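A quick write-up on the structure given underneath.
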Amino acid sequence: MATRGASVRRVMTSDHAVGWAFASPAVLLIIVFGLIPIVWSALLSFQKTNLLSPAHWVGLANYRALPKDPYFEQSMVHSAIYTVLFVPFSVAGGLLTAIALNRPVRGIRIYRTAVFVPVVVSTIATVIIFLWVFDPNFGLANWLLGKVGLGPFAFFTSSNGALYSIVAMTVWGWIGFNVIVYLAALQGIPRELVEAAEIDGAGTLGIFRNVTLPLLGPVTLFLVVWSSINALQLFDEVYLATNGGPGTATYVPVFYLYKLAFQQAEAGYAAAIAYVLFAVILVLTVVQLLVGRRMVHYSG
Amino acid sequence: MKRLWLVVPLVLVVIASACSTSSNGASVTASGSVTGQVNLTMWMGYTPPPPVNQSQEYLSIVDMVNRFEAAHPNIHIDLQYVNSDNALQKSTVALQGGKQPDISYQYGTNMPQLATAPKLVDLTQRVQDPSFDWNDFFEGERAVATVDGRVLGIPALVDNLAIVYNKDLFAKAAVPTPTPDWTWDDVRAAAKATTDPANKVFGLVFPADASETMVWQFEAMLWEAGGDILNADSTQAAFNSPAGVRAATMLQQMQQDGSLYLDFHPDSGAYTNLFNSGKIGMLITGPWDLSAFPDVNYGVVQMPSFDPGGSHITIAGPDNWVIFDNGADRVEASWEFLQFMASPENVLKDSLATSHLPTRASVEQMPGFSAFDKAYPGVGVFAQNLANVTKARPQVTQYPEVSSFLGLALVSILQGQASPQDALNQAADQANGVLAVPT
Numbered sequence: 034m035a036t037r038g039a040s041v042r043r044v045m046t047s048d049h050a051v052g053w054a055f056a057s058p059a060v061l062l063i064i065v066f067g068l069i070p071i072v073w074s075a076l077l078s079f080q081k082t083n084l085l086s087p088a089h090w091v092g093l094a095n096y097r098a099l100p101k102d103p104y105f106e107q108s109m110v111h112s113a114i115y116t117v118l119f120v121p122f123s124v125a126g127g128l129l130t131a132i133a134l135n136r137p138v139r140g141i142r143i144y145r146t147a148v149f150v151p152v153v154v155s156t157i158a159t160v161i162i163f164l165w166v167f168d169p170n171f172g173l174a175n176w177l178l179g180k181v182g183l184g185p186f187a188f189f190t191s192s193n194g195a196l197y198s199i200v201a202m203t204v205w206g207w208i209g210f211n212v213i214v215y216l217a218a219l220q221g222i223p224r225e226l227v228e229a230a231e232i233d234g235a236g237t238l239g240i241f242r243n244v245t246l247p248l249l250g251p252v253t254l255f256l257v258v259w260s261s262i263n264a265l266q267l268f269d270e271v272y273l274a275t276n277g278g279p280g281t282a283t284y285v286p287v288f289y290l291y292k293l294a295f296q297q298a299e300a301g302y303a304a305a306i307a308y309v310l311f312a313v314i315l316v317l318t319v320v321q322l323l324v325g326r327r328m329v330h331y332s333g
Numbered sequence: 178m179k180r181l182w183l184v185v186p187l188v189l190v191v192i193a194s195a196c197s198t199s200s201n202g203a204s205v206t207a208s209g210s211v212t213g214q215v216n217l218t219m220w221m222g223y224t225p226p227p228p229v230n231q232s233q234e235y236l237s238i239v240d241m242v243n244r245f246e247a248a249h250p251n252i253h254i255d256l257q258y259v260n261s262d263n264a265l266q267k268s269t270v271a272l273q274g275g276k277q278p279d280i281s282y283q284y285g286t287n288m289p290q291l292a293t294a295p296k297l298v299d300l301t302q303r304v305q306d307p308s309f310d311w312n313d314f315f316e317g318e319r320a321v322a323t324v325d326g327r328v329l330g331i332p333a334l335v336d337n338l339a340i341v342y343n344k345d346l347f348a349k350a351a352v353p354t355p356t357p358d359w360t361w362d363d364v365r366a367a368a369k370a371t372t373d374p375a376n377k378v379f380g381l382v383f384p385a386d387a388s389e390t391m392v393w394q395f396e397a398m399l400w401e402a403g404g405d406i407l408n409a410d411s412t413q414a415a416f417n418s419p420a421g422v423r424a425a426t427m428l429q430q431m432q433q434d435g436s437l438y439l440d441f442h443p444d445s446g447a448y449t450n451l452f453n454s455g456k457i458g459m460l461i462t463g464p465w466d467l468s469a470f471p472d473v474n475y476g477v478v479q480m481p482s483f484d485p486g487g488s489h490i491t492i493a494g495p496d497n498w499v500i501f502d503n504g505a506d507r508v509e510a511s512w513e514f515l516q517f518m519a520s521p522e523n524v525l526k527d528s529l530a531t532s533h534l535p536t537r538a539s540v541e542q543m544p545g546f547s548a549f550d551k552a553y554p555g556v557g558v559f560a561q562n563l564a565n566v567t568k569a570r571p572q573v574t575q576y577p578e579v580s581s582f583l584g585l586a587l588v589s590i591l592q593g594q595a596s597p598q599d600a601l602n603q604a605a606d607q608a609n610g611v612l613a614v615p616t
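Protein sequence lines, in the order shown, are assigned to chains Y and H. Going by the working numbering, the first residue of the first sequence is number 34, and it counts up by one from there. Going by the working numbering, the first residue of the second sequence is number 178, and it counts up by one from there.
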């Protein structure tokens, strides 16, 4: 029978304690930058506060006001449209590009690097380039489209087109990441499986459908979940390219809550939006994982 | 999609609240003067100290601090750079942790929010001292420094809107030189005449980003048409009046004429490049832009009226110095310095060094002032235009929300999605909604 002192000593000297010691800086960062803000914003969502003067507790009033807020509704609708477009385009586009880049072509490293460059370019640089290209009066896009008799288009400054312009810009900016992930997965497909299919008489398309695609299942599920979370949290590109405009045409939830919290001093209401968005992302991710688990098999 | 920086300020609040402030041994005598050593912290948004480029504004303020410290050896002022766009946000964080500066530069539109902070020092009694001559400051400045009858700031900088036009484009289109008694119909005609679609030349640039930059230009027009933003006790929207519709219709008509260049990114300053390269006939702006137009033969004229002989009222965006409470001795020393900075002699010195408009009316009568317009062409019109600053935006905490609704309404009008009356009515309903909520 071990004494209490002995068991403490065992814990202190065990691998367990050493492990925690190594992890402690990261744990501390997660608590300070993750846990505390999460708890604090939960409290904020039940308050009316501008962060300057003492807050009032308002119970569920912030959450009750949400269904009546037309701007909140618009931001959710825009976010849904954006996600439905961004995720398929960036994932399917990433796959097609990866297949194109998975061949022994001269200078392939240059092409692969070129596709990945937009991912490492800072958002502000991307946005400035697109504002310039998409400028309705002086932009390159309208000049080129004009050459083939199209346009002019207003792009970011059109109420109907601004959201789609954001989709185009972000797909361009993020597709490189999906390409790299798919490339790695493609190169991990066992050569003998492809050869076996060839011997059985499968054509290129048949191999792709019955061998490549199923083996890419886990990666595709990861990319769909990851892109959806990112799409629902869209902020930088909207803030910089359109500032939510024209009018409210590109309001999305994170942009709207930023505007409320930091420009209109409604921190409590903004925190409530953040929590609703969190719930939406949580539900969507769980659904995607449940559906995905049925369709994806992990055995190679 | 990287949003960590949204979280960081909130976390800093928590960290800052764990720290505490300390006080030194100085004290205030019965007469109000400070004894003992006092160290003040002052936030200002002029260029950061070397090695970053030192602007004239920064050098002027350093000069004032040096002269003040020489005259008050027991007071030391530590200047810290805080971008003025972030001053409210940073003050909010600092106040949460008790780390507020003694003096801070703040935009006038921040004042209603700041007024809710218990640590903001009420200056009402102090400015009443006859030697300070509070009424020498322009009416529009005093209105912005005052919230609910309490004076909470001292004017730091004042500007106003007027119309800057390209003289060469006007001459090419045979448009007569604008005179101070011009009307919005004249502006519309001039804009139409100078517009040249083939060469992508536009008569007037107007912001279209629904921001305060857009809204305050419209508010000047609204006042010129005889309207107002809110009713007298700031409980109801008033911008959907016939005057508001008249002002909005003027913009709508110019847009339909094809004369407007809608600027969706006025914050980027790209419009200054367009004006500088002769693509823009007119723009509504303040004295701060004049130095950006070295390549244009430009003129400056006050805002037009809607009816001949009508009001040429303009809007000002006065910024303030405010004092936060860090103990009586530091408040007293801060007030000493603000009095020093706001004295007519130092206001004149600062104007000549920086091209800032004088914050005090009496400075324009001082003998040294004639050098001002010679040093900065066109700035004299803006200085005279201060007399047209007779109103301020409503001093209520809900103003940023009201402005946002109004901005969105104006964008929908300019994009042809709604009639002026419908769009303004909708914005007024929304504004009334937030104005009805007690703060």
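The C-beta atom is built at its ideal place from N, Cα and C for all residues, glycine as well. From a predicted model like this one, the values you see are computed outputs, not experimental measurements.
Between the CA atoms of residue j and residue i - distance to the nearest angstrom
i, j, result
"Ser191 (chain Y)", "Thr116 (chain Y)", "20 Å"
"Asp48 (chain Y)", "Leu68 (chain Y)", "26 Å"
"Ser199 (chain H)", "Asn216 (chain H)", "A caution first: Ser199 (chain H) carries a pLDDT of 38, below 50, which makes its placement in the model too unreliable to give a value."
"Val191 (chain H)", "Gly274 (chain H)", "Any answer about Val191 (chain H) is weak, because its pLDDT of 40 lies below 50 and its placement is not dependable; what the coordinates show is given next. Rounded to whole angstroms, Val191 (chain H) to Gly274 (chain H) spans 8 Å at the Cα level."
"Leu293 (chain Y)", "Glu578 (chain H)", "8 Å"
"Met34 (chain Y)", "Pro58 (chain Y)", "Note that Met34 (chain Y) scores a pLDDT of 48, beneath 50, so its modelled location is shaky; the value from the coordinates is reported in the next line. The alpha-carbon atoms of Met34 (chain Y) and Pro58 (chain Y) are separated by roughly 36 Å."
"Ala218 (chain Y)", "Asp386 (chain H)", "44 Å"
"Arg507 (chain H)", "Ala548 (chain H)", "37 Å"
"Gly334 (chain Y)", "Asp269 (chain Y)", "Nothing in the structure corresponds to residue 334 (chain Y), since chain Y is present only between 34 and 333."
"Gly380 (chain H)", "Met431 (chain H)", "9 Å"
"Val204 (chain Y)", "Met241 (chain H)", "53 Å"
"Ala618 (chain H)", "Asp527 (chain H)", "With chain H running from 178 to 616 in the structure shown, residue 618 (chain H) is simply not present."
"Ala569 (chain H)", "Pro374 (chain H)", "37 Å"
"Gly557 (chain H)", "Asp550 (chain H)", "5 Å"
Cutoff 9 Å: residue i Cβ touching any chain Y Cβ
i, result
"Leu291 (chain H)", "yes"
"Asp386 (chain H)", "yes"
"Ile577 (chain H)", "Just to set this straight, residue 577 (chain H) is Pro in the shown sequence, not Ile. With 9 Å as the cut-off, Pro577 (chain H) counts as an interface residue toward chain Y."
"Tyr438 (chain H)", "yes"
"Leu585 (chain H)", "yes"
"Thr574 (chain H)", "yes"
"Val566 (chain H)", "no"
"Lys369 (chain H)", "no"
"Lys349 (chain H)", "no"
"Lys267 (chain H)", "no"
"Leu295 (chain H)", "Before going on, a small fix: residue 295 (chain H) reads as Pro here, not Leu. Yes, contact with chain Y."
"Gln273 (chain H)", "yes"
"Gln432 (chain H)", "no"
"Gln592 (chain H)", "yes"
Residue i versus the options, residue with shortest Cα-Cα distance
i, options, result
"Leu290 (chain Y)", "Y:Trp90, Y:Ser57, Y:Leu77", "Y:Leu77"
"Asp262 (chain H)", "H:Gly285, H:Arg303, H:Glu396", "H:Gly285"
"Pro495 (chain H)", "H:Pro535, H:Val558, H:Met480", "H:Pro535"
"Leu291 (chain H)", "H:Lys267, H:Arg303, H:Gln305, H:Gln302", "H:Lys267"
"Phe514 (chain H)", "H:Leu256, H:Glu234, H:Pro464", "H:Leu256"
"Ala305 (chain Y)", "Y:Gly92, Y:Thr237, Y:Ala54", "Y:Gly92"
"Ala307 (chain Y)", "Y:Tyr272, Y:Val329, Y:Val72, Y:Leu62", "Y:Val72"
"Val364 (chain H)", "H:Leu437, H:Asn260, H:Thr567", "H:Leu437"
"Met480 (chain H)", "H:Thr426, H:Glu401, H:Gly458, H:Gly326", "H:Glu401"
"Trp359 (chain H)", "H:Ser488, H:Asp550, H:Ala351, H:Gly593", "H:Ser488"
Proximity test, Cβ basis, 9 Å: residue i and chain H
i, result
"Val200 (chain Y)", "no"
"Phe163 (chain Y)", "no"
"Lys180 (chain Y)", "no"
"Phe189 (chain Y)", "yes"
"Leu93 (chain Y)", "no"
Sequence ranges, alpha helix (DSSP H) only - wholly within the segment 247–310 of chain Y, length at least 4
250–265, 269–274, 286–291
Report the residue ranges of all alpha helix (DSSP H) runs contained in full by the segment 296–351 of chain H; include only those spanning at least 4 residues, in chain order.
301–304, 316–322, 344–349
Would the segment 499–508 of chain H count as touching the segment 306–318 of chain H if we require 3 or more Cβ pairs under 8 Å?
no
Starting from the N-terminal side, write out each stretch of the alpha helix (DSSP H) that is 4 residues or longer and does not extend beyond the segment 348–430 of chain H.
361–371, 389–401
Output the residue ranges of the alpha helix (DSSP H) runs that lie fully inside the segment 527–575 of chain H and measure 4 residues or longer, sorted by chain position.
Fully enclosed alpha helix (DSSP H) runs of 4 or longer: 548–552, 556–562.
Does the count of Cβ pairs from the segment 249–263 of chain Y and the segment 78–95 of chain Y closer than 8 Å reach three?
no
Are the segment 231–248 of chain Y and the segment 146–165 of chain Y touching by the rule of at least three beta carbon pairs closer than 8 Å?
no
Using 8 Å as the cut-off, can you tell me whether the segment 287–302 of chain H makes contact with the segment 236–254 of chain H, which would need three or more C-beta pairs spanning the two stretches below that distance?
no
Would you check if there are 3 or more beta carbon pairs closer than 8 Å linking the segment 339–346 of chain H to the segment 296–303 of chain H?
no
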